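Heads up: the protein sequence lines correspond to chains A and B, in order.
In this text, residue positions in the first sequence follow the working numbering: the first is 1420, and each later residue adds one.
In this text, residue positions in the second sequence follow the working numbering: the first is 1420, and each later residue adds one.
Glycine included, C-beta positions come from ideal geometry on N, C-alpha and C.
If you're wondering where the values come from, they're calculated on a predicted model, not measured in any experiment.
Protein chains: 2
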Amino acid sequence: MVIKSKDNPKIKQLAKLISSKKERLNSGNFVIEGIKLLGEALAENAEVLAVFASSSAIEKYSSVLTLAQNACEFYEITDDIAKKVSDAKSPQGVFAIVTSSYNGLDAFGDTDDKILVLNNISDPGNLGTLLRTADAVGISSVVLCENCCEVYNPKVVRSTMGSIFRLKIICEESFKSISGWFNANDVKSFAAVVNMQAESLTQIEFPDRCAIVIGNEGNGLSERDISLCDRRLTIEMKGNTESLNASVAAAIIMWEMTK
Amino acid sequence: MVIKSKDNPKIKQLAKLISSKKERLNSGNFVIEGIKLLGEALAENAEVLAVFASSSAIEKYSSVLTLAQNACEFYEITDDIAKKVSDAKSPQGVFAIVTSSYNGLDAFGDTDDKILVLNNISDPGNLGTLLRTADAVGISSVVLCENCCEVYNPKVVRSTMGSIFRLKIICEESFKSISGWFNANDVKSFAAVVNMQAESLTQIEFPDRCAIVIGNEGNGLSERDISLCDRRLTIEMKGNTESLNASVAAAIIMWEMTK
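Here it is in structure tokens:
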């Protein structure tokens, strides 16, 4: 049976999960769009609850979608519904509802020796790029705090390019609790700041267990949160630029921390 | 006299320079928006031809705008016109027409020892971020080739955060001519590729005079352009990510090349 109406309750639920943060938080689910993300979700054993694919998509992406058909609820939808529900510029007609995986501080393990803390990052595209970069350089635990943008926002999910299924995402509202956990567990924390008085990135030898704390794109870290960190680091600029783009600065720091 | 009509020829010219690439290329001018960019343009001695400021902006940013009034043509406009002309989310009511500064290969000097080549970069935001990063790490010459996005596109200009006034921008359509110049002038070129057979970035000692060549966000460099480079380099990934975001990858490479 092909779902032909956007008033079908399953489609209404899908659309609501895409558009509403509240719905995502209440249900504990989120939506991924596109065949590549679905392939990554299945490969990484994410909990895929339901897949929706347009008639054209089923023809085009038969191998991944056959896998999906055997793994979870599966609904065929019309190309027209796919276009209406889509959040993408060129919709592929593939959507899936996936269980979100929020962890608390108790999810930290002894092997989490390099940690990224994102403190009040506000732009979904930046957040996605930061998660993708962390995954690429080998950081496996990321902590979100202090009103960070929601990690299961569709734009964040898309920008991670699948990294979201490989990372351990830890959410804890207050950075103070996180820094308390770091102190108790001998994780040295570094505040990334734009301040020539701070230690220069090129001079730092990162300890075995450490965390890098990145603040808001426009305003950086609050004075309070900087003071909660063990050390402050900065990237020395050679031009007259005041600062690097937040994702770029964080990428360079993560690169140095893990290489 | 305050300009009150958007049909005023000066306003029409301003609006056309913002919206039309053809107009920018024909006139040799482009537009900057915002008080910070204007301040940078004046500080870096860019050729500012005319400034347009709304009545509220004149009150708010009097120090920079007084400088501008003494340096070039100056027009007061209504807040309403400022809003209509603006390309920004929260318009500050400050615009300036600036002479663009395109250079050919003959602009390379002997001191250009670290060069960034952008080959077919298509996204304006990425291009702006790449220029800002180059400036921050101390690369002063950037070459654009092979249908790179126009450097004076308003979104590029905004993303550079002023770096556009400090960099030497060289435009040359064909990468073949550029690689010819590199060969004749003993500049070693490195193609950035996603290929585990290439040299790993962590293993490379960059020679004194070298250029890093970055390709299109989606498709990378063409086989032909890779073969025109002296060496190929890659960033080894630790996660399962296929690749880093183009601006992030280029930033990490520029960082290693200049530190």
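Between the Cα of residue i and the Cα atoms of the options, which residue gives the shortest distance?
i	options	result
A1553(B)	Y1571(B), F1584(B), D1529(B), E1569(B)	F1584(B)
A1490(A)	A1665(A), K1574(A), S1541(A), V1517(A)	V1517(A)
K1476(A)	A1462(A), T1530(A), L1457(A), K1440(A)	Inspection of the sequence shows that residue 1476(A) is occupied by Ala rather than by Lys. Taking only the C-alpha atoms, the option nearest A1476(A) is L1457(A).
D1529(B)	L1652(B), A1668(B), M1656(B), R1628(B)	R1628(B)
P1626(A)	V1613(A), F1609(A), G1639(A)	F1609(A)
T1621(A)	K1423(A), R1651(A), L1563(A), V1556(A)	R1651(A)
G1634(B)	I1588(B), L1549(B), D1426(B), E1459(B)	L1549(B)
V1570(A)	N1539(A), S1598(A), I1454(A)	N1539(A)
L1461(A)	S1424(A), S1582(A), S1446(A), S1541(A)	S1582(A)
V1504(B)	I1671(B), S1473(B), I1534(B), K1533(B)	S1473(B)
V1421(A)	I1631(A), P1510(A), E1495(A)	E1495(A)
G1639(B)	K1657(B), E1624(B), L1663(B), I1623(B)	L1663(B)
A1434(A)	A1487(A), K1502(A), E1492(A)	K1502(A)
F1471(A)	S1541(A), A1487(A), L1586(A)	A1487(A)
L1586(A)	K1533(A), E1592(A), I1597(A), V1613(A)	K1533(A)
R1443(B)	S1520(B), G1557(B), V1513(B)	S1520(B)
S1578(A)	L1436(A), V1667(A), N1545(A)	N1545(A)
N1522(A)	C1590(A), Y1480(A), K1455(A)	C1590(A)
V1575(A)	S1424(A), P1428(A), I1437(A), K1429(A)	I1437(A)
P1510(B)	D1525(B), I1623(B), K1455(B)	K1455(B)
L1524(B)	V1562(B), S1541(B), N1572(B)	V1562(B)
E1565(A)	I1597(A), Q1432(A), G1547(A)	I1597(A)
K1479(B)	P1428(B), G1453(B), Q1616(B), N1614(B)	G1453(B)
S1541(A)	L1484(A), V1613(A), N1572(A)	N1572(A)
S1446(A)	D1605(A), E1459(A), L1468(A), N1427(A)	L1468(A)
G1637(B)	V1613(B), A1617(B), T1485(B), M1656(B)	V1613(B)
Is residue i close to chain B, meaning its C-beta is less than 8 angstroms from at least one C-beta of that chain?
i	result
R1551(A)	yes
L1689(A)	No answer is possible for residue 1689(A): the residues shown for chain A start at 1420 and end at 1678.
S1666(A)	yes
L1663(A)	yes
T1497(A)	no
W1674(A)	yes
DSSP puts residue i in a beta bridge; with which residues?
i	result
C1564(A)	N1538(A)
E1618(A)	L1652(A)
V1570(B)	Paired residues: none, contrary to the question.
N1635(B)	G1639(B)
A1630(B)	I1534(B), S1608(B)
I1422(B)	I1496(B)
Does the beta carbon of residue i come closer than 8 angstroms to any beta carbon on chain A?
i	result
A1670(B)	yes
M1656(B)	yes
K1678(B)	yes
T1653(B)	no
T1621(B)	yes
Is residue i near the ligand COA - that is, is its Cβ less than 7 angstroms away from at least one heavy atom of it?
i	result
L1486(B)	Although the ligand COA was asked about, the structure shown includes no ligands whatsoever.
### Task
May I have a chain-ordered list of the alpha helix (DSSP H) segments no shorter than 4 residues that lie completely inside the region 1587-1616 of chain A?
1594-1603
### Message
Threshold first: 4 residues or longer. Then list the alpha helix (DSSP H) segments lying entirely within the region 1489-1546 of chain B, N to C.
### Response
When DSSP assignments are scanned along the region 1489-1546 of chain B, the uninterrupted stretches of alpha helix (DSSP H) that are 4 or more residues long and fall wholly within it turn out to be 1498-1504.
### Message
Please identify, using Cβ separations under 8 angstroms, the residues of the region 1516-1548 of chain A that lie next to chain B, in order along the chain.
### Response
T1548
#### Entry: Any beta strand (DSSP E) of 3 or more consecutive residues that is wholly inside the region 1431-1477 of chain B
1448-1452, 1467-1473
### Query
What are the residues of the region 1550-1577 of chain A that lie near chain B, defined by any Cβ-Cβ distance shorter than 7 angstroms?
Answer set for the region 1550-1577 of chain A: R1551, T1552, D1554, A1555, V1556, G1557.
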